[in-house]
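This report concerns only the one structure given below.
2 protein chains.
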Amino acid sequence: MSFAMPNTDVSLASEWRDLLARHARVNAALERELQRDHRLSVTEFEALSRLAEKDGDGCRLQQLVDDIHMSQSALSRLIGRLHDEGLVHRRTCSDDRRGIFACITDEGRERLAQAEVTQADVLARTLHDA
Amino acid sequence: MSFAMPNTDVSLASEWRDLLARHARVNAALERELQRDHRLSVTEFEALSRLAEKDGDGCRLQQLVDDIHMSQSALSRLIGRLHDEGLVHRRTCSDDRRGIFACITDEGRERLAQAEVTQADVLARTLHDA
DNA sequence: GGACTATACATGCATGCGCATACATTGCAA
DNA sequence: TTGCAATGTATGCGCATGCATGTATAGTCC
């Protein structure tokens, strides 16, 4: 067991399988219900959620890449989709004109608030049980 | 709903974020190194690994769908790719001609055995540290 | 200033995924 | 038997992703 032999290859592999299973179970349920009730994907929800935590002007995309687990190109398009839906607006940074500030809109905050209820519900149901 | 208990919405959400981060970190490292050293994706490795555990004739795709966290269509194509690489062979089930048995080949077992070394290494490095 | 490198974001492209559906086979009922 | 629903797999399609690259701006060294 894990006390006598804590880190054998086998126990690491089965721990990884558990992580995969858990992630897949929760993610699939979230994806389904967020999409159905709020037309948001899990990644879109996550991005909105991170943006909502930033004060004021939002934050640079570069900073979001670190928060969110996604390539820079995927994030660029993700913000584009949220922008097209009016949930986020983009603004070029004045002191570094390479940078883009993304900022959640009021409509974005509304959609997020509603989706958070669904997320809490799904997590309560799926995060801890089989 | 939540009593004076630790499972508030906030703690559930942050637990989910931790799970996302952990999954992303390990998965990205595995994907990179399995691909680089063995030309296998994480899902391909996982499928080979499950198939190797089945005795004798392999198992039906339907059964693999339950083991692996993937849609039926994705699994069908995944097995197709493994087949094209000679790591798996397919056989129609004799008693139910709708079913397909997938079975790992000797070459598949070799690739898997080599990849398992890499996997163990990556897991030892990434599963438990930040 | 001019040239070169580094950084931030956008985009062409190839790929894997899920959904819906098609197709083949099985089983069940009338 | 015939007809029809159910099951197992394959496939057309649209979409999100990562990689490589393009474009613009910033910073550095001469």
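Residue numbers (my numbering), protein chains in the order written: chain A, 1 to 130; chain B, 1001 to 1130. For each residue, glycine too, the CB sits at the ideal point set by N, CA and C. Values in this document were obtained by computation on a predicted structure and should not be read as measured data.
Rounded to whole angstroms, Leu87 of chain A and Ala1013 of chain B show a C-alpha spacing of 21 Å. Burial is judged here by how many other beta carbons sit within 10 angstroms of a residue's own beta carbon; Cys93 of chain A has fewer than 16 and is exposed. Counting along the chain, Thr8 of chain A sits inside no beta strand (DSSP E), nor does DSSP assign it H or E at all.
At least one CB atom of chain B sits nearer than 8 Å to the CB of Leu20 of chain A. Taking a cut-off of 8 Å on C-beta distances, the segment 1059–1073 of chain B does not touch the segment 1119–1129 of chain B, as fewer than three cross pairs fall below it.
Nearest neighbour of Arg109 of chain A by Cα position, chosen from A:Gly80, A:Glu44 and A:Ala74, turns out to be A:Glu44. Separation of the CB atoms of Ala28 of chain A and Leu112 of chain A is rounded to 21 Å, and the pair is thereby denied contact status at 8 Å. For Thr92 of chain A, the enclosing beta strand (DSSP E) has its first and last residue at Val88 to Thr92.
Interface flag for Leu112 of chain A against chain B is unset, since no Cβ pair is found closer than 8 Å. Taking every protein chain shown into account, the CB of Val1117 of chain B has fewer than 16 other CB atoms within 10 angstroms, so this residue is exposed.
Only Leu1012, Ala1013, Glu1015, Trp1016, Leu1019, Leu1020, Ala1021, Arg1022, His1023, Ala1024 and Val1026 from the segment 1010–1039 of chain B bring a Cβ to less than 7 Å from some Cβ of chain A. Measuring C-alpha to C-alpha distances from Gly1099 of chain B to each of B:Trp1016, B:Arg1090, B:Arg1025 and B:Leu1048 identifies B:Arg1090 as the nearest. Taking a Cβ-Cβ cut-off of 9 Å, the neighbours of Gln119 of chain A in chain B comprise Asp1009, Leu1012, Ala1013 and Trp1016, given in sequence order. Under the three-state reduction of DSSP output, Ile1079 of chain B falls in the helix class. Considered as a whole, the segment 1003–1071 of chain B harbours 1009–1038, 1042–1053 and 1061–1067 as its complete alpha helix (DSSP H) runs of no fewer than 4 residues, in chain order. Under DSSP, Ala1102 of chain B shares a beta bridge with B:Cys1059 and B:Arg1090.
In this structure, Leu30 of chain A and Val122 of chain A form a Cβ contact; the two beta carbons are roughly 5 Å apart against a cut-off of 8 Å. One thing to note: Ile1104 of chain B has its Cβ within 8 Å of the Cβ of Leu1048 of chain B. Taking the C-beta atoms as reference points, Ala102 of chain A is found nearer than 8 Å to Leu64 of chain A.
DSSP places Glu1085 of chain B in the coil class of the three-state scheme, outside both helix and strand. Interface residue (Cβ-Cβ distance to chain B less than 8 Å): His69 of chain A is classified as such. Interface with chain A (8 Å Cβ-Cβ cutoff): Leu1078 of chain B is excluded.
Counting the other CB atoms within 10 Å of its CB gives Gln1072 of chain B a total below 16, which places it among the exposed residues. With a cutoff of 8 Å on beta-carbon distance, Arg1050 of chain B and Ile1068 of chain B are scored as near each other. Within the same chain, Cβ atoms closer than 6 Å to the Cβ of Glu1033 of chain B are found at Thr1118 and Val1122, the five residues on either side in sequence being excluded. Take Val42 of chain A, set aside five residues on each side of it, and the residues of its chain with a beta-carbon closer than 7 Å to its own are Asn27, Leu30, Glu31 and Leu34, in chain order. Each residue's CA atom was taken as its position, placing Glu46 of chain A and His23 of chain A some 15 Å apart.
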